[in-house]
Each structure stands twice: as structure tokens, then as C-alpha cells.
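K.L.:
Under UniProt numbering, think of the first position of the sequence shown as 1, with each following residue one higher.
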Amino acid sequence: MKQRTLWSAALIGGLALAGCGSASEPESSSTGGSGGSEDTLVVWDWKSGEENAAAYFEQAKADFAEKHPDVTVEFVAQPFEQYYTLLGTAIQAGEGPDVVLFNGGGQIRDRVDALLPLDDYVAEDRERLAGWEAFSQDGAVFAAPVTLQGHPIYYNKALYDEAGLDPESPPTTWDDFVAACGTIKTATGADCIALGNKEGYGIEFFLSAMGSAVLTPQEYDDWIAGDRDWSSPGVKQIFELWKAAGDTGLNNEGANSTAMFNDSFGIFQAGEAANMIGLMSDIGHWKDFNEFLGAENVGVMLAPVVNPEASPSLPYDGGIGYAVMNWTTSPDLAADLVRSLTSTEALEAFHADAGAIVSDTTIDVSDAGPAVSTIVEEIQTGRQALHVALSSQTLELIHRLSQQLLSGSVTVDDAVAQLAASDQAG
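#1: So, is Asp63 buried or exposed, given that buried needs 16 or more other C-beta atoms within 10 angstroms?
#2: Give every residue of the same chain whose Cβ lies closer than 7 Å to the Cβ of Leu207, excluding the five residues on either side of it in the sequence, and list them in chain order.
#3: Run through DSSP, which three-state label would Met260 get?
#4: Output the distance between the C-alpha atoms of Gly21 and Ala53, rounded to the nearest integer angstrom.
#5: Thinking C-beta only, is Trp174 closer than 8 Å to Val306?
#6: Classify Thr411: buried if its beta carbon has 16 or more other beta carbons within 10 angstroms, exposed otherwise.
#7: Candidates Ala303, Phe268, Ala310: which alpha carbon is nearest Phe292's?
#8: Evaluate Ser343 with the Cβ neighbour count: other Cβ atoms within 10 Å of its Cβ, from every protein chain shown; 16 or more gives buried, anything less gives exposed.
#9: Hey, residue 485 and Ile193: beta-carbon distance below 8 Å or not?
#10: Cα separation between residue 460 and Ala310?
#11: How is Gly321 classed by DSSP in three states: helix, strand or coil?
#12: What are the partner residues of Thr40, as DSSP defines its beta bridges?
#13: Quick check: the Cα distance between Thr147 and Ala356, rounded to an integer number of angstroms?
#14: Which residue comes first and which comes last in the beta strand (DSSP E) that contains Leu101?
#15: Which partner residues does residue 434 have in the DSSP bridge list?
#16: For Leu390, which residues in the same chain have their Cβ closer than 8 Å to its Cβ, ignoring the five residues on either side in sequence?
#17: Just how far apart, CA to CA, sit Val214 and Pro312?
#18: Is the beta carbon of Ala143 less than 8 Å from the beta carbon of Ile108?
#19: Tell me whether the beta-carbon of Glu219 lies closer than 8 Å to the beta-carbon of Gly196.
#20: Taking Ala245 as part of the alpha helix (DSSP H), name the residues at either end of that continuous run.
#21: Any idea if Phe265 is buried or exposed, counting beta-carbon neighbours within 10 angstroms, 16 or more meaning buried?
#22: The beta strand (DSSP E) spanning Ile193 covers which residue range?
#23: What does the Cβ neighbour count give for Ala93, buried or exposed, with the cut at 16 atoms within 10 Å?
#24: Does Thr361 pass the burial test, meaning 16 or more other C-beta atoms within 10 Å, or should it be called exposed?
#25: I'd like the span of the beta strand (DSSP E) that includes Met210, first residue to last.
#26: Which residues bound the alpha helix (DSSP H) around Ala270?
#27: Excluding sequence positions up to five away, which residues of its chain have a Cβ less than 7 Å from the Cβ of Gly88?
#28: Tell me whether Asp138 is buried or exposed, calling it buried when 16 or more other Cβ atoms sit within 10 Å of its Cβ.
#29: Taking the straight line between their C-alpha atoms, what separation do you get for Ala417 and Arg339?
#30: With respect to the alpha helix (DSSP H) encompassing Gly88, which residues constitute its N-terminal and C-terminal limits?
#31: Let me make sure I understand the geometry here. Which of Glu58, Gln384, Pro97 has the alpha-carbon closest to that of Pro331?
#32: Take Trp46 as the anchor and find which of Val100, Val71, Ala259, Lys67 has the nearest alpha-carbon.
#33: If I measure Cβ to Cβ from Ala180 and keep anything under 7 Å in the same chain, skipping five residues before and after, which residues do I get?
#34: Where does Arg339 sit, in a helix, a strand or coil, going by DSSP?
#35: Are the beta-carbon atoms belonging to Val42 and Val71 less than 8 Å from one another?
#36: Among the candidates Asp282, Ala60, Glu199, Asn252, whose CA atom is the shortest distance from the CA of Gln149?
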């Protein structure tokens, strides 16, 4: 009999849509969608226009319409590249949408002064949903998590097999990983790592995926807690590995001119690279890779150990979540819409159609394939992603410095010194 796959209570404790009866279709706008009235709610996000999220939003609409049949919800699908700039303009003006979508971590924490604390509204959902910490600040919750997002290291089992390596036993140390990459390159011509760093996002993935293989557990905990020593040997070694991967040809050619979304994912999906640090949800994840490579050929490995005192784990947090702006004239309705957007029925549809690893710990994911089974198993011992602990200002700086490290225009020592100054200022 098929066992229902659930996240453990320990995990939950450790993590301590156009929405209604007369809802309009999502519109795409770079300016539209100012706040609603007592019978209208306006939502900004970058997901409501996506085809694979349609069933999710329909379920959320139905849930909200049942409770509030006379309320209209307008979704405005903003372009992601401009999203936080547009939101910043709205915050500066003190008016805009009622409900907004956020990435977990620095993007929401930098803007909590404009948000409504949701603790009283989502109390009933705290056990069912995981990922709250990424949307919390100083003990208060400012968004309800929709997905869990993290950075598994995916590998192409078919390429490992073609090179004469055991596809069920991926490398467990960095030296073995580099050696395996050499074997695969010789046998198949495939690169070791698919990397897109045109936007500078690649370093976020690398820092969080490799961090637990370099830092000791105490150093890792200190980083998450805000006690970050950028000059420590471990932190510097992560950036030295990043630079060395480029210098020694482990990455695909032209990583700094390759877009993460979606050119780098295409390299891995085409079998042109054996490994990739990807995502758990949304895009560049197991569902996309299964469709191109076959579910049986998509493997997930823990970060290969660099420091014997390290303890590799899956880095993940709450991925995306909906928040309520503090200027809304209908806070109770807006919070109810957030709850509909995180209802079990809606999240089940999001997992089924988009392949999201959703925040609802009661949803069965056992039919999704071996990669998901590995991810869910690793979630049990997973830890917060290192880059999510950083401010948006420091993330912008790390993007630029990561490109300069790959191009050789900055040293590791200079890069970590700049990051330390930014982190302290933040």
C-alpha cells in the first residue's frame, strides 16, 4: 500500500488567487493595480499569468469565493525583472495593491515596515504549513508560505552511467566530484556544471548548496543567526571554490554571459552538463528535468564534502509567500485571501501542475519520482539557505562580485572584505 509522504513534526517545529466570485483574469501591467476598496482586492505577483499555475489560482479563487462571494479580486501579473522596483515605488508612495507576493528572505525582511503582521490571521495554519522563518522578522510573521524553495544538486544519471560511473552512488567528496567530472568529460564531452551567472544569481545557488560542505555546523548556525565572519577560512574557501570552478573549466563556457533563467537550465536538460545546482520549485527543478531527461535519469546528491568537519545538508527555506500591505482598507479580507492562496486544495494543484514543493506538509508527493523522494527525505535534515540570511543590498553586491571573481577582476580577499562591510551596514 502506498504510504502517504509527510514532513515530520520536528521539521515544522524547527521552521517554528484572482480570488473570488467575480474575480477578473490576471492582467499584465507595469503600473496598474492600485489598492482596492471594501468590495475589491488587488493582488500583485509574478505567477498569476503562468499557465502551469492556472489550476492553483482557480482553486484559490473557489476557496475565497465560497467565503466572500461579493468580493472581487484583481490579479496584476508584474514582470519579475521589475517587480521589486515597482513595489518599492508603491511603498514610497504609500499606496498600491492589497496583497503582494514575496520571495522569502531579504526581499521581504527589507520591507516589513510596509506590511501587516499576520500572526493572528494565520494561527490555524502554522502547523500545516512549513517555511515560516523566511517570511518572519523579530518574531512576527509577514507572509504565508506557498512553496518551499531550496537548491538541490541535480545530476544526470545517464551521463554518469555512460562514463562508467555508478549513477546510484554519486561523489561524496569534492575531490571525487572533480575526478568524476573529468571522467565524464573524457567519455561524453559534457561539462561538469551547468552555470548561468549573467544576472549574478549563480553565486546564491553555489553559496547555499556548497556552504554546508565547507562550514562546520557551528559556523553554519552562526551565519544564519547573523554572526558572519567573512574573513574566516571556511567562508573564504567557498568563494575560492567558486573561482576555481571557473578557472579550471568545470563550468560551461561563458557562464558570465549565460542567463540563469532559462539558458543554464537548458544546458543541463540537453545533457550538455552532468551536474547543476537547481531549484526545488517553480522552474529549473525536478519536474522540468524529468520531462527532458526522464525521471529515472534525474538524481539528487548532497554537496560533496570539502571540510571533513562539515555536515552536508539540503539548503531550503520558504520560497514564495503572500503578504498584506499595511495600507489596505480591508485587512481581514486580504488576510483571508492569503489563507485561500495557501489552502490545501490550491497547493495540491500547484504541486501537481507546476511541480512545486509546496509548504503544505500534509500533501502526498510520493508519485512525483525518485528525485522528489530524495528531496523530501533530505528536507527532514535540511537547513536554512545561507544566501537567504543576507540583505537584498548584500545580495546585489555578491551578484556583481561573483561575476568579477569568474572574470578575474577581483580577488577573493577583496570580495569578502566588501561583503563584510555591506553585511555590517545592512
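Note that beta-carbon positions come from the ideal geometry of N, C-alpha and C, so glycine has one too. Just so it is clear, the structure is predicted and the values come from calculations on it, not from any experiment.
P.N.:
The answer reads as follows:
#1: Residue 63 sits at position 63 when you count from the first residue of the sequence shown. Counting of Cβ neighbours within 10 angstroms places Asp63 among the buried residues, the total reaching 16 or more.
#2: For the purposes of this step, residue 207 is taken as the residue at position 207 of the sequence shown. Short of 7 Å from the beta carbon of Leu207, and not among the five residues preceding or following it, lie these beta carbons of its own chain, in chain order: Ile238, Leu386, His387.
#3: Residue numbering aside, residue 260 sits at position 260 when the sequence shown is read from its first letter. In the structure shown, Met260 sits in a helix (DSSP, three-state: H, G or I).
#4: Sequence index remark: in the sequence shown, residue 21 carries index 21 (1-based). Sequence index remark: in the sequence shown, residue 53 carries index 53 (1-based). Note that Gly21 has pLDDT 31, beneath the 50 cutoff, so the model's placement of it is unreliable and no number is given.
#5: Within the sequence shown, numbered from 1, the residue matching residue 306 stands at position 306. Within the sequence shown, numbered from 1, the residue matching residue 174 stands at position 174. Yes.
#6: Locating residue 411 in the sequence shown gives position 411, counting from the first residue. Thr411 should be labelled exposed.
#7: Numbered from its first residue, the sequence shown carries residue 292 at position 292. Closest option to Phe292, Cα to Cα, is Phe268.
#8: The residue given as residue 343 occupies position 343 in the sequence shown. By the neighbour-count rule (16 or more Cβ atoms within 10 Å), Ser343 is buried.
#9: Nothing can be reported for residue 485, as the shown portion of the chain is limited to 1 through 426.
#10: The question about residue 460 has no answer here: the residues shown for the chain are numbered 1 through 426.
#11: Taking the sequence shown and counting its residues from 1, one reaches residue 321 at position 321. Reduced to three states, the DSSP call for Gly321 is strand.
#12: The residue labelled residue 40 in the question sits at position 40 within the sequence shown. Answer by DSSP bridge pairing, in chain order: Thr72.
#13: Stepping through the sequence shown from its first residue, residue 147 is reached at position 147. Stepping through the sequence shown from its first residue, residue 356 is reached at position 356. CA-CA distance, Thr147 to Ala356, rounds to 6 Å.
#14: On the sequence shown, position 101 is the one that residue 101 refers to. 99-103 is the span of the beta strand (DSSP E), which, as asked, contains Leu101.
#15: Residue 434 lies beyond the range of the chain shown here (1 to 426); nothing can be said about it.
#16: The residue you call residue 390 lines up with position 390 of the sequence shown. Cβ within range, chain order: Gly105, Gly106, Ile398, Asp423, Gly426.
#17: Here the question's residue 214 lines up with position 214 in the sequence shown. Here the question's residue 312 lines up with position 312 in the sequence shown. Linking Val214 to Pro312 through their CA atoms gives a straight-line distance of about 8 Å.
#18: On the sequence shown, position 143 is the one that residue 143 refers to. On the sequence shown, position 108 is the one that residue 108 refers to. Yes, the pair counts as a contact, with Cβ atoms nearer than the cut-off.
#19: Here the question's residue 219 lines up with position 219 in the sequence shown. Here the question's residue 196 lines up with position 196 in the sequence shown. No, Cβ-Cβ distance for Glu219 and Gly196 is not below 8 Å.
#20: On the sequence shown, position 245 is the one that residue 245 refers to. Per DSSP, Ala245 belongs to the alpha helix (DSSP H) from 233-247.
#21: For this step, residue 265 is matched to residue 265 along the sequence shown. Buried.
#22: One-based indexing of the sequence shown puts residue 193 at position 193. Unbroken beta strand (DSSP E) run through Ile193: 191-193.
#23: Here the question's residue 93 lines up with position 93 in the sequence shown. Exposed is the call here.
#24: By one-based count along the sequence shown, residue 361 stands at place 361. Label assigned to Thr361: buried.
#25: Reading the sequence shown from its first residue, position 210 is the one you call residue 210. Premise fails: Met210 lies in the alpha helix (DSSP H), 202-214, not in any beta strand (DSSP E).
#26: Indexing the sequence shown from 1 puts residue 270 at position 270. Segment: none, Ala270 is in no alpha helix (DSSP H) and carries neither H nor E.
#27: Indexing the sequence shown from 1 puts residue 88 at position 88. Result list for Gly88: empty, nothing under 7 Å.
#28: Along the sequence shown, read from residue 1 onward, the residue named residue 138 stands at position 138. Exposed.
#29: Taking the sequence shown and counting its residues from 1, the one referred to as residue 417 is at position 417. Taking the sequence shown and counting its residues from 1, the one referred to as residue 339 is at position 339. Between the alpha carbons of Ala417 and Arg339 lies a distance of about 43 Å.
#30: In the sequence shown, counting from the first residue as 1, residue 88 sits at position 88. Counting along the chain, the alpha helix (DSSP H) containing Gly88 begins and ends at 80-93.
#31: What you label residue 331 is simply residue 331 of the sequence shown in a count that begins at 1. It is Pro97.
#32: Within the sequence shown, numbered from 1, the residue matching residue 46 stands at position 46. The closest CA to that of Trp46, considering only Val100, Val71, Ala259, Lys67, is found on Val100.
#33: For the purposes of this step, residue 180 is taken as residue 180 along the sequence shown, with counting starting at 1. Cβ neighbours of Ala180 within its own chain (closer than 7 Å, five residues either side excluded): Leu165, Pro171.
#34: Residue 339 sits at position 339 when you count from the first residue of the sequence shown. In the structure shown, Arg339 sits in a helix (DSSP, three-state: H, G or I).
#35: Position 42 of the sequence shown, counting from 1, holds the residue named residue 42. Position 71 of the sequence shown, counting from 1, holds the residue named residue 71. Cβ atoms of Val42 and Val71: not closer than 8 Å.
#36: Counting from one through the sequence shown, the residue named residue 149 turns up at place 149. If we check each option's Cα against that of Gln149, Asp282 comes out closest.
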